[in-house]
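In the numbering used here, the protein residues as written are 107 to 341.
Some notes on the structure that comes next.
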Amino acid sequence: MIAIPALHLQTGVGGHRTGTIGAPVRGAESAHFARSLADLGFCRLHLVDSDAASGAGSNVSAVEGIVRDTHVRVQVGEVSTITDIEHLIRAGVDQVIVGSRAIEEPEWLADVAELYPGAITVATDVRDRRVVRRGWVRTLPVDILDLVDELNQLSLGGLLVTMPQRDGPMPQSELALLEDAAEHAQYSVSVVGGGSSIQDLRALEHRGITGVVIDARRIFGGDIDARVIAQEFGA
């Protein structure tokens, strides 16, 4: 299992949306922060182009620079168009993460997975075993394990699950659910959050989780011992 620091790329840091995970950085400064994380020993980064997600522009050039200059594997989240997927894959991105649209439009997801086999990760929020969409507003009558089985029919690179964020370790019930998802899935299963300590990361690793996205603000702020985490879970 690997720990994956998250950065949000945007024109101005003031636009960081509440409820999202990741250190907000200006696109022009992103390569510096990415190199710092790579130097600590992390081999994969989770990037979100906040400008593209809000329709305010694009930071694809910044993503290209990170891929070129750091030589770490990069996954980019909150992507919703085939055009953006194509641009990111051409830029050298390892995994493109699609969210609500993938859940709401299964035919679109099937087309994308066929066009880019193994390069697409589906992201979903989960609360009380149920899939949640549109910023935790609407809970769907879909059990996460049923979704896992449906996605097994596609050539996906992975599933990225976000549980309700809370202080302290992840409850045993959620750990057990993630373990079931990892056992059912024919692709890798990763988690957003849940890595507050080295013990939390080990608990997730023991359940078959392949990656944990952690907020890079906690690394830069010294809230967690980044070198210890990178040594055990960086590569």
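Backbone N, C-alpha and C fix where the C-beta goes; we use that ideal spot for every residue, glycine too.
In terms of Cβ geometry, threonine 227 and glycine 264 form a close pair [threshold 8 Å]. Sequence-distant partners of valine 254 (beyond 5 residues in either direction) whose C-beta falls short of 6 Å from its own C-beta, in its chain, are Ala287, His290, Ala291. Taking each of Asp217, Val154, Ser136 in turn and checking the Cα distance to threonine 176, the smallest one comes out for Ser136. In the structure shown, arginine 132 falls within a strand segment according to DSSP collapsed to helix, strand and coil. Nearest to leucine 260 by alpha-carbon distance, out of Val154, Asp329, Leu221, Gly300, is Leu221. Inter-residue distance for valine 248 and valine 232 is about 10 Å (C-alpha atoms, whole angstroms).
Distance from the CA of arginine 324 to the CA of threonine 189, rounded to the nearest whole angstrom, comes to 33 Å. Annotated as proximal: valine 298 and leucine 266, with beta-carbon spacing under 8 Å. Around the Cβ of glycine 340, a 10 Å sphere holds 16 or more other Cβ atoms; the residue is buried. Arginine 236 places its beta carbon 8 Å or farther from that of leucine 281. Straight-line measurement puts the Cα of serine 294 at about 16 Å from the Cα of glycine 205.
Judged by beta-carbon spacing, aspartate 306 lies within the 8 Å limit of proline 275, meaning their Cβ atoms are closer than that value. In this chain, the alpha helix (DSSP H) harbouring glutamate 256 covers 250–257.
Nearest to alanine 197 by C-alpha distance, out of Ser186, Val182, Asp331, Glu210, is Val182. Taking the C-beta atoms as reference points, arginine 179 is found no nearer than 8 Å to glutamate 210. In its chain, beyond the 5 residues on either side, Leu146, Ile325 have a beta carbon closer than 7 Å to the beta carbon of alanine 332. By the CB criterion at 8 Å, isoleucine 110 and isoleucine 320 fall inside the cutoff. In the three-state reduction of the DSSP assignment, glutamate 211 falls in the coil class.
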